[in-house]
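Colleague: What follows is a structure written as structure tokens; I'll ask about it next.
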Amino acid sequence: LDLNFPDYDDEEDDFDTVRDSLASRLVSKTSTETPTSFEKPDLSSDNRSLIPCSEVKWIRNIGREVTGSNVYYGIEGTATRLRSFNEIERYCNKNNIHYEPEFV
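So for the sequence shown, the numbering used here puts the first residue at 12; every next one is plus one.
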């Protein structure tokens, strides 16, 4: 288990964005950009096409708690809070989103 985060700078403030592979698709909570809407596929039909991971507007929230900083991911416009890459993968599988590990 590699817990080394080479892109994290100890000098950064806890609320600075930590660079990662999702940075190009993250939307700030204060952004005026409108999220891309997509229809959830009808799972009852034979058409089970997956939504590409790159079309989902991922957001990253960094919060401070007594125990330290918490970083979690979500999808803009939802109350989803995902704390690990395993949770992201399970969420994608459950919601018919094509999970692409190279983006995470």
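Glycine is no exception: its CB is placed at the ideal position from the N, C-alpha and C atoms.
Treat the numbers as computed from the prediction; the structure is a model and nothing was measured.
Tell me which residue opens and which closes the alpha helix (DSSP H) that N104 is part of.
Modeller: Note, N104: alpha helix (DSSP H), F96 to K105.
Colleague: Pull up the distance between the alpha-carbon of I86 and that of N72, whole angstroms please.
Modeller: 11 Å
Colleague: Tell me the rounded alpha-carbon separation between E76 and V82.
Modeller: Whole-angstrom Cα-Cα distance: 11 Å.
Colleague: Tell me whether K105 is buried or exposed, calling it buried when 16 or more other Cβ atoms sit within 10 Å of its Cβ.
Modeller: exposed
Colleague: What distance in whole Å lies between the Cβ atoms of I70 and H109, which are believed to be in contact at a cut-off of 8 Å?
Modeller: Their Cβ separation, rounded to whole angstroms, is 19 Å, which puts H109 and I70 out of contact at 8 Å.
Colleague: How many angstroms separate the CA atom of N107 from the CA atom of C64?
Modeller: Looking at the backbone, the Cα of N107 and that of C64 are separated by about 10 Å.
Colleague: In this structure, does DSSP put E113 in helix, strand or coil?
Modeller: helix
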